[in-house]
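Visitor:
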Amino acid sequence: MRARRFGTVIGLAVLCAVLWALTPHFLTVSNLLNVVQQTSINAIVAVGMTFVIISGGIDLSVGSIVALSGVALGALLQAGQPLPVAVFAAFAVGVGCGLLNGALVSVGGLPPFIATLGMMSVARGAALVFTEGRPVSGFDEGLRSLATGSVGFIPGPVVVMIVVYVVAHLVLTRTTFGRYVYAIGGNEEATRLSGVAVRFHKTAIYGVSGLMSAVAAIVLTARLNSAQPIAGMMYELDAIAATVIGGTSLMGGEGTLAGTLVGALIMGVLRNGLNLLGVSSFLQQIVIGGVIVGAVLVDTVLKRHRV
Amino acid sequence: MRRLTLLFVFALALAPLSCNRASPAAGDKPAVALVLKTLNHPFFVDMRRGAQEAADRLGVNLQVQAAEREIDVDKQMQIVENLLQTGITVLVITPSGSREIVSALVKARDAGVPIVIVDTRLDAKAAADAGVQVQTFIGSDNYEGGKLAGEYTVNATGGKAKVGILEGIPGHETGDSRLRGFREAVAKAPGITIVASQPANWERDQGFNVFQNMLQAHPDIDTVFGASDLMALGAIEAIAAAGKTGKIRVIGFDALDDAKKAIAAGTMEASVAQFPYEMGKAAVESAVKVMAGEKLPAEIMVKLEMVTKNPRLRP
């Protein structure tokens, strides 16, 4: 696993080297800061996705939950509520949707694909109903400073991303909950028979994913200074791509957050580089799709030939 | 071997791009960035053609970029951030969100890059709050266009009609203005009632479905106004499916090639023509004037025209 993660890092390095050779604008401090900022939202969503995929599930509802949490945040701020209240509400919405996903999967016995597909539609619809389809904006500067402010030279969204990754990494590798995530994905039945409350933990895993969507919603709303009910479309696919490029197995039971971060950075660097090179948006889609498939193909081939 | 394989994958992926390279630093020509909402809509494809024509004529290196989806403001913001890295001299943009894009324009301002807005206006308050100033706005007045369509409807129906409206994505300045113009114009004819008004999000397939549903609920609709041609064209299919071709008047907006064909074939009655090619041309010409230090008018309006087989009904 360690060797494979290393492989992804080499992939990122090669990509950077190629872009450095092709355009003088890539390897500058301000551009690299842009890349990590642009990557931060997908990277945060992908944290939750990694938890879910390691546990053997999938979460298609993340993008819609980003939208719903975002408009909850926006609406409360617009109504003049203090920032902590609005942030708490965004978390509550995100975690609530996630827990509902989890309950449908673990208690209701639905396949994760179906449960979260339903939530994807319901949460999106709820965001549209709640806002009547209109973007919510007109907040004071408090939230915005999250996107415009920085710690040292590191922009706010990146700080949030780093904190999220450190905490989530510790949870995944140093806590019993984290071990159970791997165990459930590795062999759910064996885990249950060893006395682990599988239903409870599975529900919580989807709750983590909802929480991450809420964090991403807060960063996105700060960045755009507006909450849109149509925000976050296709985020689920970007998050799944980042997770899988990062070496997490869709079969469950294995994966790392470091890998996911590198996966998200590969996607971010690729998009940024294609913009810098002036590649048309149509060609960009082909290249991105090709790299996703290529990276996972390499991974699969390596896996088959090792030991 | 692992390294080699990965290297191979990325080299393969990026190889076609090296020949496609059009980095502004490569030539001595000044670089103008044109950021469109999307390139999968004929309107913006025409705009790009007009811009390219002017760029070739005036010796400008034109960088055209767009998000994959028209409504993806975050992606558009990323594109602006990335383009600013390449040292562009003027930013020309059709905002995907009147308010949201202001955050990106702040970055252009901070980088000292002058801004030209095309097609969709900025939200005046959001721009003023953020201290963003634009060199000029180039577009046609969507409100006037909607009014034109409304007045045409009054003339064509003799002031008596039951109208269904297909709206764009709610909250977009473009659609909202068109609808406001249309509603105000038909409100002057007391015999015209708007029996239904629903969003079909600018899309053809949604125009089909929404209008099909509308016809179920209101079989007496005799006129439909689509805030864009794609939605109106979708409605035409729904009308055909209901066997009502020729019984329902369809009025669109944009005068796309498909719409002009439908007008010629008689399935569509009229469409408001904007001139995106002219907009693109004017955008690049304005950018060149900005570079020369010329002061531009606050607005440069591009003409509007009603395309129809019955020119005598034109307002």
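Going down the list, the sequences are from chains A and B. Using the working numbering, the first residue of the first sequence is number 1, and each one after it goes up by one. Using the working numbering, the first residue of the second sequence is number 308, and each one after it goes up by one. Glycine included, each C-beta is placed from N, C-alpha and C at the ideal position.
1) Secondary structure at A:G294, three-state DSSP: helix, strand or coil?
2) If you measure between the beta carbons of B:R485 and B:N449, is that distance less than 8 Å?
3) Grab the span of the beta strand (DSSP E) containing A:N42 for me, first residue to last.
4) Measuring only the C-alpha atoms, how far is A:G63 from A:L99?
5) So if I threshold CB-CB distances at 9 Å, which residues from the region 356 to 384 of chain B count as touching chain A?
6) Buried or exposed: where does B:D353 fall if 16 or more other Cβ atoms within 10 Å of its Cβ makes it buried?
7) So, for A:V35: in the same chain, excluding its five sequence neighbours on each side, which residues have a beta-carbon less than 6 Å away from its beta-carbon?
8) By DSSP's criteria, B:S447 is part of a beta bridge. Which residues make up the other side?
9) Note down the Cα distance separating B:L429 from B:G404, rounded to an integer number of angstroms.
10) Going by other Cβ atoms of all chains shown within 10 Å of its Cβ, with 16 needed for buried, is B:I378 buried or exposed?
11) Give every residue of the same chain whose Cβ lies closer than 8 Å to the Cβ of B:A524, excluding the five residues on either side of it in the sequence, and list them in chain order.
12) For the alpha helix (DSSP H) that A:T191 lies in, which residues bound it at each end?
13) Skipping 5 residues on each side, what residues in its chain have a beta carbon closer than 8 Å to that of B:I395?
14) Mind listing which residues of the region 132 to 144 of chain A have their C-beta closer than 9 Å to chain B's C-betas, in chain order?
15) What residue from B:D512, B:K469, B:N508 and B:K602 has the CA that sits closest to B:K554's CA?
16) Name the chain A residues that come within less than 9 Å of B:R406, Cβ to Cβ?
17) Counting beta carbon pairs with one atom in the region 88 to 107 of chain A and one in the region 210 to 219 of chain A, are three or more of them shorter than 8 Å?
18) I'd like to know if B:N389 contacts chain A, where contact means its C-beta is closer than 8 Å to some C-beta of that chain.
19) Considering only their Cβ atoms, is the gap separating B:L563 from B:F518 smaller than 8 Å?
20) Could you pull out every residue in the same chain whose Cβ sits closer than 7 Å to the Cβ of B:G366, ignoring the five residues on either side in sequence?
21) Would you say B:L346 reaches chain C, if we count a Cβ-Cβ gap shorter than 8 Å as a contact?
22) Does DSSP classify B:D512 as helix, strand or coil?
23) Could you give the distance in angstroms between the alpha-carbon of A:G207 and the alpha-carbon of B:K495?
24) Out of A:V52, A:V47 and A:L83, which one is the CA nearest neighbour of A:L250?
25) Pull out every residue of the region 25 to 42 of chain A whose Cβ sits closer than 9 Å to any Cβ of chain B, in chain order.
26) What does DSSP give as the partner residue(s) for B:R556 in the beta ladder?
27) Can you have a look at B:N617 and say buried or exposed, based on whether 16 or more other CB atoms are within 10 angstroms of its CB?
28) Does B:K568 pass the burial test, meaning 16 or more other C-beta atoms within 10 Å, or should it be called exposed?
29) Between the Cα of B:I400 and those of B:I543, B:F444 and B:F515, spot the shortest distance and give me the residue it belongs to.
30) Report yes if the C-beta distance between B:L620 and B:L455 is below 8 Å; otherwise report no.
31) Would you please verify whether the beta carbon of A:F282 is less than 8 Å from any beta carbon of chain B?
32) Looking only at its chain, what residues have a beta carbon closer than 8 Å to the beta carbon of B:R328, apart from the 5 residues adjacent to it on each side?
33) Give the single residue among A:M119, A:G96 and A:L77 whose Cα lies nearest to the Cα of A:E236.
34) Comparing C-alpha positions only, which one of A:L211, A:E188 and A:S194 sits nearest to A:S106?
35) For A:V163, which three-state DSSP category applies?
36) For a test of the three-state rule: what should DSSP assign to A:G278, helix, strand or coil?
Guide: Taking the geometry as given:
1) Helix, per DSSP.
2) yes
3) No beta strand (DSSP E) holds A:N42; the alpha helix (DSSP H) holding it covers V29 to I54.
4) 16 Å
5) Q370, V371, Q372, A373, A374, E375, R376, I378, D379, V380, D381, K382 and M384
6) buried
7) G268, V269 and N272
8) DSSP lists no beta-bridge partner residue for B:S447.
9) 8 Å
10) buried
11) A503
12) E188 to L193
13) P331, A338, V339, A340, Q370 and V420, listed in sequence order.
14) E132, G133, R134, P135, S137, G138 and R144
15) B:K469
16) P135, S137, G138, L224, N225 and S226
17) A contact is defined here as three or more CB-CB pairs under 8 Å, and the region 210 to 219 of chain A meets this definition with respect to the region 88 to 107 of chain A.
18) yes
19) No. Outside cutoff.
20) K336
21) In the displayed structure, chain C is absent; the protein chains listed are A and B.
22) helix
23) 55 Å
24) A:V52
25) Result list: H25, F26, T28, S30, N31, N34, V35, Q37, Q38 and I41.
26) B:T530
27) exposed
28) Exposed, by the Cβ-count rule.
29) B:F444
30) no
31) yes
32) The predicted position of B:R328 is uncertain, since its pLDDT is 41 and thus under 50; no value can be drawn from it.
33) Nearest to A:E236 by C-alpha distance, out of A:M119, A:G96 and A:L77, is A:M119.
34) Nearest Cα to A:S106 within the set A:L211, A:E188 and A:S194: A:E188.
35) Helix, per DSSP.
36) coil
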